[in-house]
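Student:
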Amino acid sequence: MNKTIILDNAERTRCEIWTRVMGYHRPVSEFNKGKKSEYKERTFYKESNACRTLKKYQVA
Numbered sequence: 000m001n002k003t004i005i006l007d008n009a010e011r012t013r014c015e016i017w018t019r020v021m022g023y024h025r026p027v028s029e030f031n032k033g034k035k036s037e038y039k040e041r042t043f044y045k046e047s048n049a050c051r052t053l054k055k056y057q058v059a
């Protein structure tokens with residue numbers, strides 16, 4: 000019984016993204032122009048990929 004829920008734009012709530020910047024957690028929408036630019040250039044890592052890479056370089 001999968002029911003598809005359809006919302007009008009008036010019923011939606013904006014999702015605010017928070018991240019750590021300069022030692023504090025802040026909403027991305029409150030960043031200054033420079034910090035917003037830095038945020039867009041960030042590289043996000045997955046733990047599973049990092050573990051796989053580490054295993055490749057470990058010496059037996």
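Counting from 1, position 35 in the sequence shown corresponds to residue 34 in numbering that gives the first Met the number 0; the numbering is continuous, with no gaps. Positions of the beta carbon are idealized from the N, C-alpha and C atoms, including for glycine. Since this is a predicted model, take the numbers as computed values, not measurements.
(1) Is the CB-CB distance between serine 75 and glutamate 15 below 9 Å?
(2) Between which two residues does the beta strand (DSSP E) harbouring threonine 3 extend?
(3) Tell me the rounded alpha-carbon separation between tyrosine 56 and aspartate 7.
(4) Which of the three DSSP states, helix, strand or coil, is assigned to arginine 51?
(5) Looking at the unbroken alpha helix (DSSP H) that takes in tyrosine 38, where does it start and where does it end?
Tutor: With the given structure in hand:
(1) The chain is shown from 0 up to 59; residue 75 falls before or after that span and cannot be answered.
(2) Segment: none, threonine 3 is in no beta strand (DSSP E) and carries neither H nor E.
(3) Each residue's Cα considered, the two are about 51 Å apart.
(4) The answer is helix: DSSP assigns arginine 51 an H, G or I state.
(5) Annotation: the continuous alpha helix (DSSP H) that includes tyrosine 38 extends over 32 to 40.
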